[in-house]
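What follows is a set of notes on a single structure, which appears directly below.
Protein chains in written order, with the working numbering: chain V, 1 to 115; chain D, 1 to 115.
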C-alpha cells in the first residue's frame, strides 16, 4: 500500500524554540495533506488542510501563526510549531490524499515533547 | 456540523469470539463515506473498512463487517473470530464527499482481547 512517512518520529525541545515536522508521500503525489493533533487517549483533531502551492486552511481555534504549514511540493508538507510551549506537547499525525485516488493514507505520527 | 459518536470508551472480547463496536453520526448530507480505523499501540492509523453511503450492501473485509443503517445514522463494526492482534483503539470516521475530504473522527473505543 501507499506509504506516508513522518520525520522526526520523536522530538524533544526546549520551551521557546521552533520545531519542524515533515510529512512525505513516498510513492505517490498528493495535492492535499492533512495535519491532526492527538492528545493521550483522545481522538484525532484536524488542525489544517495543506494544499500544494497554496495557503493552508486552518480549522477554527488553530493559531495559524503558531502552526506554520508549508506544502511546497506534491510529496512534502511541513508543520512548524513556532515558539513551542509545554502545552504544545502532543502527537501530531499527517495524512495524504493521492491525486488519483480518494483514499487517505496516514503517517506514523510524530511525538513532540516541549520541556 | 457533522459529529461522530462512539458511546463505548472500552470493550473487551475473548479470543475467537465476536464483538461489535458502536458508532452513530449526525449529518444532513446524503452523499458521504464512513470508515473504521484501527490505531494499535504503535499509533499508526490503519484503515479497517469503508462504506459508501449510497451503497445499501454492508461492507465486509475478511473478519470485519459493518452494519450500516443510513436512516438511523448508525455504523457499527463487527469483528468475528477476534485475535490478540485486534487489540487497539478503534475510531469511527465520517467524510462528506463535498467537504474537501476532511475526516471527522469519533472519540474512539479501546478494544481489549483476552485469552
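We put the beta carbon where it would ideally sit given N, CA and C, even for glycine.
- Residues of the region 72-100 of chain D whose Cβ lies closer than 9 angstroms to any Cβ of chain V, in chain order: 89, 91, 93, 95, 97, 100.
- Between the C-alpha atoms of residue 104 of chain D and residue 75 of chain V there is a straight-line separation of about 24 angstroms.
- Short of 6 angstroms from the beta carbon of residue 20 of chain D, and not among the five residues preceding or following it, lie these beta carbons of its own chain, in chain order: 76, 78.
- The C-beta separation of residue 107 of chain V from residue 4 of chain V comes to about 4 angstroms, placing the pair in contact by the 8 angstroms criterion.
- If the five residues before and after residue 81 of chain D are omitted, its C-beta is found closer than 7 angstroms to the C-beta atoms of 16, 63, all from its own chain and listed in chain order.
- For residue 46 of chain D, the enclosing beta strand (DSSP E) stretches over residues 46-52.
- Within 9 angstroms of the CB of residue 107 of chain D, the CB atoms of chain V belong to 42, 43, in sequence order along the chain.
- Listed by position along chain V, the residues whose Cβ is nearer than 9 angstroms to that of residue 38 of chain D form an empty set, because the closest Cβ is around 11 angstroms away.
- Residue-level contact check: residue 11 of chain D does not touch chain V, since none of the beta carbons of chain V fall below 9 angstroms from its beta carbon.
- Here residue 98 of chain V carries a strand assignment [DSSP, helix/strand/coil].
- Residue 85 of chain V is classed as exposed because its beta carbon has fewer than 16 other beta carbons within 10 Å across all chains shown.
- Shown in chain order are the members of the region 92-111 of chain V whose Cβ falls below 9 angstroms from a Cβ of chain D: 93, 95, 97, 102, 103, 104, 105, 106, 107, 108, 109, 111.
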